[in-house]
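Written below as structure tokens is the structure these notes are about.
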Amino acid sequence: MSHSTIFPIKEFSSLRTPFYFYDIRLLKSTLSAIHHAVANDSTFHVHYAIKANANPGLLTIIRDYGLGADCVSGAEVQAALDAGFQPDKIVFAGVGKRADEIQLGLDSEIGCFNIESVPELELINRLACDKGRTARVAIRVNPNIDAHTHHYITTGLAENKFGINLDQLADVADLCLKLPNIELIGLHFHIGSQILDMEPYQALCVKINRLQDDFAARGISLQSINVGGGLGIDYEHPDESPIPDFNRYFNVFRENLKLRPGQSVHFELGRSIVAQCGSLITQVLYVKNGVSKDFVIVDAGMTDLIRPALYGAHHLIQNLSSHGQQHIYDVVGPICESSDCFGHDERLPLTSPGDYIALRSAGAYGECMASRYNLRALPGSMLYE
Ligand code: LLP
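Residues 714 to 1098 in the working numbering are what the sequence shown spells out, letter by letter.
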């Protein structure tokens, strides 16, 4: 499906820059692609990882396409409920769930707590007991698989803080069965983010199959296998491949996972759903001619989009206002940190103050990671259809 984001620059003057621009037509096409990719598979359930972008306007649209929600804080559970996600389609993960957050999950009867430690499991049991409820839990397993992605976003290695290690899994499962207010419904995995190579997912399936054999041998049946998220996107060519290849991704699980009768498979996709529909729109404040470089100084900084500063990520930079001759610039923000740089040696048309610049593929982990460092205002947003 071809789709190039067309920016309605004339309408930009009504908003203060920087702001996030969301191409809602592209978001809907992406959600339809997911819908079609799993339509024939009643065992596949897709949850949207709210951490990628919790903009309420986007959440409502995503809910309309029938997705569940994957949350990592009480506030995210609340955001999912407020946006109308069905409570039984909400899963709640995270290594450090507070008691009040667990209570919210219990009170709203969410579908599943993905538990990451024994003390957490015991606390959930106690709080559920106080309320006379049973908590459905999945054990988050650390499968020790290298997703070959940035080390800050690799989560499935034994050295990471996430999940229960394989050698402790049997004991934790036994504990789940013993605790009176816990119902063990399945296993949960997540190996990392921005994964484009399908090989780590195949390795994950092989590991899950082996674990399923172990559980079956011990007479423990599991209703649900949650394989997490992590499907990557093409940051350098947002208009050529705006919609990730969901068929290829789901097929890996279709072809490699050996499911038992009645089991469901759950996915927690964040970036692949929202990244390409969002761009950070910023305006040029100054063009500064340095000794060896020319700088384009824009009014967005690492406070609005932290990915370049934090992960060394690159977002395609486009000047939406100028079509002049090409020139080489460093594109930098106004924050007092040298890492506040969006691109070195960027080839842009001759750029002037007031030009609109788009930082593309910023719909995931952009707006939601904005901060008020330097007491800057948080960026606004425009949902455009
Ligand atoms: N499930 C779990 C348990 C996760 O930890 C994550 C992301 C997801 C699902 C969704 O992963 P996705 O489909 O979006 O890759 N801020 C970083 C990404 C951090 C991802 C954290 N976990 C970035 O900007 O690249």
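Positions of the beta carbon are idealized from the N, C-alpha and C atoms, including for glycine.
Owing to the predicted nature of the structure, the values given are computational and were not obtained by experimental measurement.
Practice prompt. Go ahead and label S1051 buried or exposed: buried means 16 or more other beta carbons lie within 10 angstroms of its beta carbon, across all protein chains shown.
Written response: Against the sequence shown, residue 1051 aligns to sequence position 338. So S1051 ends up on the exposed side.
Worksheet entry | Nearest candidate by alpha-carbon position, reference K1006, set S992, Q996, G1056 | Your numbering for residue 1006 matches position 293 in the sequence shown. For K1006, the closest alpha carbon among the candidates S992, Q996, G1056 is that of G1056.
Discussion item. Going residue by residue through the stretch 964 to 1037, where are the continuous beta strand (DSSP E) segments of at least 3 residues, counting only ones entirely within it?
Written reply: For the stretch 964 to 1037, whole beta strand (DSSP E) runs of length 3 or above, ordered along the chain, are 977 to 982, 991 to 1002, 1007 to 1011, 1030 to 1032.
Worksheet item: Tell me the DSSP bridge mates of A793?
Response: Translated into the one-based positions of the sequence shown, residue 793 becomes position 80. None, per the DSSP bridge assignment.
Fill in: Exposure of N768, with buried meaning 16 or more beta-carbon neighbours within 10 Å
As a first step, residue 768 is located in the sequence shown; it is residue number 55 there, counting from the start. Classification of N768: buried, given that the 10 Å Cβ count is 16 or more.
Worksheet item: How far does the beta strand (DSSP E) with L710 in it reach, from first residue to last?
Response: Past the edges of the chain, shown from 714 to 1098, lies residue 710, and the structure says nothing about it.
Worksheet item: Is S786 buried or exposed, if buried means 16 or more other CB atoms sit within 10 Å of its CB?
Response: If you number the sequence shown from 1, residue 786 lands on position 73. With 16 or more other Cβ atoms within 10 Å, it is buried.
Practice prompt. Give the DSSP-derived three-state secondary structure of F757 in the structure shown.
Written response: For this step, residue 757 is matched to residue 44 along the sequence shown. Of the three classes helix, strand and coil, the one that applies to F757 here is strand, per DSSP.
Practice prompt. Have a look at Y1097 and I737 and give me their C-alpha separation to the nearest angstrom.
Written response: Counted from its first residue, the sequence shown places residue 1097 at position 384. Counted from its first residue, the sequence shown places residue 737 at position 24. Rounded to whole angstroms, Y1097 to I737 spans 6 Å at the Cα level.
Worksheet item: Would DSSP call C825 helix, strand or coil?
Response: Position 112 of the sequence shown holds residue 825. The answer is strand: DSSP assigns C825 an E or B state.
Item to complete: Please list, in chain order, all residues of the same chain as P957 whose beta carbon is under 7 Å from its beta carbon, the five residues on each side excluded.
Response: Walking along the sequence shown from the start, residue 957 turns up at place 244. Only L944, I946, S985 meet the Cβ criterion.
Worksheet item: Just to confirm, are I823 and V854 a CB contact at a threshold of 8 Å?
Response: Position 110 of the sequence shown, counted from the start, is the residue given in the question as residue 823. Position 141 of the sequence shown, counted from the start, is the residue given in the question as residue 854. No.
Worksheet item: To the nearest angstrom, how far is it from the Cα of Y735 to the Cα of R1073?
Response: Working through the sequence shown from its first residue, we reach residue 735 at position 22. Working through the sequence shown from its first residue, we reach residue 1073 at position 360. About 10 Å.
Practice prompt. For Q1038, count neighbouring Cβ atoms within 10 angstroms of its own Cβ and tell me buried if that reaches 16, exposed if not.
Written response: Mapped onto the sequence shown, residue 1038 falls at position 325. Exposed: under 16 other Cβ atoms inside 10 Å.
Worksheet item: So, are the CB atoms of C1049 and L970 less than 8 Å apart?
Response: Counting from one through the sequence shown, the residue named residue 1049 turns up at place 336. Counting from one through the sequence shown, the residue named residue 970 turns up at place 257. Not a contact, by the Cβ cut-off of 8 Å.
Worksheet item: Taking the alpha-carbon positions, what's the G876 to S727 distance?
Response: Within the sequence shown, residue 876 is the residue found at index 163, counting from 1. Within the sequence shown, residue 727 is the residue found at index 14, counting from 1. Put simply, the backbone Cα of G876 is about 46 Å away from that of S727.
Practice prompt. Enumerate in chain order the residues of its own chain whose CB-to-CB distance from P1092 is below 8 Å, with the five nearest sequence positions on each side excluded.
Written response: In the sequence shown, counting from the first residue as 1, residue 1092 sits at position 379. Listed in chain order, the non-local C-beta contacts of P1092 below 8 Å within the same chain comprise P731, F732, Y733, L993, A1013, D1017, E1080, A1083, local neighbours out to five positions each way being set aside.
Worksheet entry | The beta strand (DSSP E) enclosing Q799, as first and last residue numbers | What you label residue 799 is simply residue 86 of the sequence shown in a count that begins at 1. Here Q799 belongs to no beta strand (DSSP E), and DSSP marks it neither H nor E.
Discussion item. Please determine whether the Cβ atom of G764 lies at a distance below 7 Å from any heavy atom of ligand 1.
Written reply: Position 51 of the sequence shown, counting from 1, holds the residue named residue 764. According to the sequence as given, residue 764 is Lys; it is not Gly. Within the cutoff, so yes.
Discussion item. Nearer than 7 Å: is that true of the beta carbon of L944 relative to any heavy atom of ligand 3?
Written reply: This structure simply doesn't include ligand 3; it includes ligand 1 instead.
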